[in-house]
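There are 2 protein chains.
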Amino acid sequence: MRGKKITVIGCGLLLMVVMTLSGAGAENFSSYVDEDGSISKPLDFRTDWVHLGSWIVPSENDKQYGFHDVYASQATIEAYQRTGQFPDGAAVIREIRSVETSTLSGGQTSWAGDVESWYLMIKDREERFEDHPSWGQGWGWARFMPDDSGQNLVEDYRQDCLGCHVPARKTDFVNIQGYPTLR
Amino acid sequence: MRGKKITVIGCGLLLMVVMTLSGAGAENFSSYVDEDGSISKPLDFRTDWVHLGSWIVPSENDKQYGFHDVYASQATIEAYQRTGQFPDGAAVIREIRSVETSTLSGGQTSWAGDVESWYLMIKDREERFEDHPSWGQGWGWARFMPDDSGQNLVEDYRQDCLGCHVPARKTDFVNIQGYPTLR
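Written out as structure tokens, the structure reads:
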């Protein structure tokens, strides 16, 4: 009876060690990344994640036109507030919507209309996917459209993403000045 | 032994009944309202609550100038999504910040600067504080400044709040068109 107990405890410990080790590898570091580095879109982030902040580019002629709402998980925010850095596996999603504008009782007001697209960044502190065109500079980069294809449309993060993110290189490519929750 | 068990279960049931009844009374319906109807400001809502949506009134000459971030608890959102109504005790907070504007890589961009004030609404389905000047139309109304006084600055909700909220009367005085999480 006692031998059986020790075996069960031993197996439990072994399982914990194996799980910890595999968690640090390429396979399991994010729920939104498969073992080949393909990135998928989180669901329910508007209700389950924390709002970092919003910003607006009101002119349709500008590259980043839209009302931008940005979210990360509670664990990511807590780690950032403690260390000043995004932890490995951190996911930051930006939902871009059309800009609706009207003169209401409080003045000319703009708010977020329909979804146009999402941008997602996944923090990778171990350079897991070195030759993958969606990975580099310590992040995985993804873009999704509301067509339900679920496909990451970033073909080359250097061309598709860095143009706007390089100016924020000092803050790990995230424009934290726009995010009161991180300040 | 069996009698003891029944006594414990009986006490447990009694406690549950007492807790349920006291929860429905005037004293305990919201953590942010005392028994006299005084309203206090929630803490940590940016990290612990759900983002309903944001909107902006960019001109300093307009009454509601600022970048407005709006939040409610997860329980409030779930109840609203299920029933289409704000549940008794629901709290909706609006954080108003200055508008920062700059031409960035993606175009002319505006985001939320420093906190200027907060507006808080507490849903009251039982008209608990009939003669209180901060309560009416099914809500408690509050405004706070970042001076740490913690005092509700609404002296008469009719004069201080309804002007902007009456146009949203059909949606229980909340401009839900601006809140993607509720749509």
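As they're listed, the protein sequences go chains A and B.
Each step along the first sequence adds one to the number in the working numbering, with nothing skipped, and position 158 is 158.
Quick note: to get the working numbering, add 1000 to the position in the second sequence (first position is 1).
Just so you know, even glycine gets a beta-carbon here, dropped at the ideal spot from N, CA and C.
Computed from a predicted structure; not experimentally measured.
Secondary structure of residue i, DSSP reduced to three states
| i | result |
| --- | --- |
| Tyr1179/B | coil |
| Gln1108/B | strand |
| Leu21/A | Any reading at Leu21/A needs caution, since the residue's pLDDT is 41, under 50, leaving its predicted position unreliable; the model's value is listed next. Reduced to three states, the DSSP call for Leu21/A is helix. |
| Ala1079/B | helix |
| Tyr1119/B | strand |
| His1165/B | helix |
| Val1032/B | One detail in the question is off: residue 1032/B reads as Tyr in this sequence, not Val. Of the three classes helix, strand and coil, the one that applies to Tyr1032/B here is coil, per DSSP. |
| Phe45/A | helix |
| Arg158/A | helix |
Given residue i as reference, the closest of the options once Cα atoms are compared
| i | options | result |
| --- | --- | --- |
| Ser1133/B | Glu1155/B, Pro1087/B, Asp1148/B | Here residue 1133/B is Pro; the residue named in the question, Ser, does not match the sequence. Cα-wise, what sits closest to Pro1133/B is Glu1155/B. |
| Ala65/A | Arg97/A, Glu78/A, Ser73/A | The residue asked about is misnamed: residue 65/A is Tyr in this sequence, not Ala. When each option's Cα is compared against that of Tyr65/A, the closest is Arg97/A. |
| Thr184/A | Glu1095/B, Pro1167/B, Cys1161/B, Thr1171/B | Residue 184/A lies beyond the stretch modelled for chain A, which goes from 1 to 183, so this question has no answer here. |
| Arg1169/B | Gln1081/B, Trp1055/B, Gly1136/B, Pro1146/B | Gly1136/B |
| Ser38/A | Asp172/A, Gln85/A, Pro146/A, Glu130/A | Glu130/A |
| Asp62/A | Gly1140/B, Ser1110/B, Arg1158/B | Ser1110/B |
| Trp982/B | Ser1105/B, Gly1107/B, Gly1106/B, Trp1141/B | Because chain B is modelled from 1001 through 1183, residue 982/B falls outside the range shown and cannot be assessed. |
| Leu1184/B | Tyr157/A, Gln85/A, Ser105/A | Past the edges of chain B, shown from 1001 to 1183, lies residue 1184/B, and the structure says nothing about it. |
Sequence-distant residues of its chain with Cβ nearer than 8 Å to residue i (five each side left out)
| i | result |
| --- | --- |
| Gly1150/B | Ser1040, Lys1041, Phe1144 |
| Trp49/A | Pro42, Tyr71, Ala72, Ser73, Gln74, Ile93 |
| Ala1091/B | Ser1030, Tyr1032, Pro1042, Ala1072, Ser1073, Thr1076, Leu1120, Met1121, Ile1122, Lys1123 |
| His51/A | Asp69, Val70, Tyr71, Thr181 |
| Arg46/A | Asp69, Tyr71, Glu95 |
| Gly1138/B | Lys1123, Asp1124, Arg1125, Glu1127, Asp1172, Phe1173 |
| Gln1081/B | Leu1182 |
| Gln1108/B | Thr1101, Ser1102 |
| Gln85/A | Ala79, Asp172 |
Beta-carbon contacts of residue i that lie in its chain and below 6 Å, excluding the five residues immediately before and after
| i | result |
| --- | --- |
| Gly977/B | Any answer about residue 977/B is impossible in this case: the structure gives chain B only from 1001 up to 1183. |
| Val18/A | For Val18/A, the predicted structure reports a pLDDT of 42, less than 50, and the residue's modelled location is therefore unreliable. The matter cannot be settled from this model. |
| Pro1087/B | Ala1079 |
| Gly178/A | Gly53, Trp55 |
| Pro146/A | Val115 |
| Ile1176/B | Leu1182 |
| Leu1153/B | Arg1143 |
| Cys1164/B | none |
| Tyr157/A | Ser134, Gly136, Trp141 |
| Asp160/A | Val154 |
| Asp148/A | none |
Own chain, CB closer than 7 Å to residue i, minus 5 neighbours either side, in chain order
| i | result |
| --- | --- |
| Glu184/A | Within the shown structure, residues of chain A are numbered from 1 to 183, placing residue 184/A beyond reach of any answer. |
| Ser958/B | No answer is possible for residue 958/B: the residues shown for chain B start at 1001 and end at 1183. |
| Ala1024/B | Any reading at Ala1024/B must be qualified, since the residue scores a pLDDT of 41, below 50, and its modelled position is unreliable; the value itself is stated next. Hits under 7 Å: none found. |
| Val1057/B | Gln1064, Tyr1065, Gly1066 |
Check: residue i C-beta below 7 Å from any heavy atom of the ligand NAD
| i | result |
| --- | --- |
| Glu1127/B | Summarising the ligand content, the structure contains no ligands, and the ligand NAD is consequently not present. |
8 Å Cβ cutoff, residue i in contact with chain C
| i | result |
| --- | --- |
| Gly1150/B | The displayed structure is made up of protein chains A and B, and chain C is not among them. |
Against chain B, which members of the region 132-143 of chain A pass a CB distance test of less than 8 Å? For the region 132-143 of chain A, which is checked against every Cβ of chain B, not one residue is closer than 8 Å.
What are the residues in the region 158-175 of chain A lying within 7 Å of chain B by C-beta distance? Flagged, chain order: Gly163, Cys164, Pro167.
The region 23-54 of chain A: which residues have C-beta closer than 7 Å to a C-beta of chain B, in chain order? Arg46, Thr47, Val50, His51, Gly53, Ser54
For the region 55-71 of chain A, which residues have a CB atom closer than 8 Å to at least one CB atom of chain B, in sequence order? Trp55, Ile56, Val57, Pro58, Ser59, Asn61, Asp62, Lys63, Gln64, Tyr65, Phe67, Asp69, Tyr71
May I ask you to list, following chain order, the residues of the region 106-120 of chain A that have a beta carbon less than 7 Å from some beta carbon of chain B? Residues passing the 7 Å Cβ filter: Gly106, Gly107, Gln108, Thr109, Ser110, Trp111, Ala112.
Please list, in chain order, the residues of the region 76-92 of chain A that have any C-beta partner in chain B closer than 7 Å. Ile77
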